[in-house]
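Read through the structure below, which is laid out as C-alpha cells, and then see the notes.
Protein chains: 2
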Amino acid sequence: MSDVHETGPQLSRGEFGLLILALLGRREMYGYEIVAELRRASEGDIDLPEGTVYPALRRLERDGLIGGHWVDVGSGAPRRRYYRLTSDGERALADGRTDWLRFKTAADAVLGG
Amino acid sequence: MSDVHETGPQLSRGEFGLLILALLGRREMYGYEIVAELRRASEGDIDLPEGTVYPALRRLERDGLIGGHWVDVGSGAPRRRYYRLTSDGERALADGRTDWLRFKTAADAVLGG
DNA sequence: CTCCTGTACCTAGAGACCCTAGGTACAGAC
DNA sequence: GTCTGTACCTAGGGTCTCTAGGTACAGGAG
Chain A
0 MSDVHETGPQ LSRGEFGLLI LALLGRREMY GYEIVAELRR ASEGDIDLPE
50 GTVYPALRRL ERDGLIGGHW VDVGSGAPRR RYYRLTSDGE RALADGRTDW
100 LRFKTAADAV LGG
Chain B
0 MSDVHETGPQ LSRGEFGLLI LALLGRREMY GYEIVAELRR ASEGDIDLPE
50 GTVYPALRRL ERDGLIGGHW VDVGSGAPRR RYYRLTSDGE RALADGRTDW
100 LRFKTAADAV LGG
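Keeping their order, the protein sequence lines are chains A and B. Read in order, the letters of the first sequence correspond to residues 0 to 112 in numbering that gives the first Met the number 0. Read in order, the letters of the second sequence correspond to residues 0 to 112 in numbering that gives the first Met the number 0.
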C-alpha cells in the first residue's frame, strides 16, 4: 500500500506533503513560492499557512524525498531555499497519485450514495 | 468555509468523520457495522480499525452531530450502540460533501498538471 | 524619518487525530 | 478446551496542522 512516507494505511496523513511533491514535480521551487503557487493552482481553495509548509518541507527533506539548496538572490533580498524531488521523491509522488486516485474513488463510493 | 466540526481550513482533519456521517446518512448503524460497511462500500480500500472508529463516533456524538442509543439484541449477543444523524449532523454532512468536492477539485488541479 | 508592507525564512506549543495493542464478555464450532 | 466471531472499549505514542509569534532587509507612503 504505497504511502507518501510512513503514513497509516490511508492518505489522510501527509496529504499536503503529496501536494507539495506534486508542485516540485513540475519544477524547483522555494517555500514561500510554494505557498503562493498552491493557492494559485487551486484557485484559492488550498491555502496552507507558512507554519504548515515549512515544517512539511523539513519532513520531506529529512525523509529524503526532496533535496534543498540555498540560493542567494542578491541585493539585500532574503535568500531562498530551493527544493527539488529526489528519485525517492519521484517514486513517492507516483505512489501518492495512485493512492489519491484510489482514496478518491473509495471516498466517492461512500459519500456518493 | 464549512467544516465537518472545528477542523482547520481544509478537509484533511476529520475526514474519516465525514465518511462515517455519510454512512449514517443512509441509515442507522452501530460501530462494528460501520467498520465492515466502510470496508464493503469502498471495496476494501478504506479499512479503519476499531481504535479509529469508536473514538471518532464518540467525538461526533460529543459534538452533537450524531446521537446514539443502546439496543439489546438478546440471547447473549453483545448489545449494540446504534447511531443516527442529528439535524446538525445532516448539515455537517451537506457541508462536508461540498468541502470534499472543492478539495477534490483543488487537489486534482495541483496533482493533475 | 518613521511606519508599513512585502519578501523569505524559522520555531514553540497547543490541539487534534490515527493507530497499535491491548482488554472485556459471551456464544457457538471443532 | 480452544478458537473464532460479535461488539464494545481505552491508554498511549507518534504525527500532523495551525496559531502566533520572531528575524532581517528593502522600498514606498506620509
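Virtual Cβ for every residue (Gly too), placed ideally from N, Cα, C.
- Between residue 55/A and chain B, the shortest Cβ-Cβ separation is not below 7 Å.
- Given a length threshold of 4 residues, each whole run of the alpha helix (DSSP H) inside the stretch 29–101 of chain A is given here in chain order: 30–40, 49–61.
- Residues of chain A with a Cβ closer than 7 Å to the Cβ of residue 52/B do not exist; the shortest Cβ-Cβ separation is about 13 Å.
- Excluding sequence positions up to five before and after residue 38/A, its CB lies within less than 6 Å of the CB of 46, all in the same chain and listed in chain order.
- Listed by position along chain A, the residues whose Cβ is nearer than 7 Å to that of residue 69/B form an empty set, because the closest Cβ is around 26 Å away.
- At a cut-off of 7 Å between beta carbons, residue 110/B contacts chain A.
- Any Cβ of chain B closer than 7 Å to the Cβ of residue 18/A would place that residue at the interface, and such an atom is present.
- Membership of residue 25/B in the alpha helix (DSSP H) is indicated by the continuous run 14–25.
- By the C-beta density criterion, residue 109/A is buried, having at least 16 other C-beta atoms within 10 angstroms.
- Residues of chain A with a Cβ closer than 8 Å to the Cβ of residue 44/B are, in chain order, 101, 102, 104, 105.
- Using a 10 angstroms sphere on the CB of residue 69/A, the tally of other CB atoms stays under 16, which defines it as exposed.
- Contact of residue 40/B with chain A by beta-carbon distance below 9 Å involves 105, 108, 109.
- Under the Cβ criterion of 7 Å, residue 35/A is not counted among the residues facing chain B.
- For the stretch 58–88 of chain A, the set of residues with a beta-carbon nearer than 8 Å to any beta-carbon of chain B is empty.
- Contacts between residue 21/B and chain A, judged by CB atoms closer than 8 Å, involve 109, 110 in chain order.
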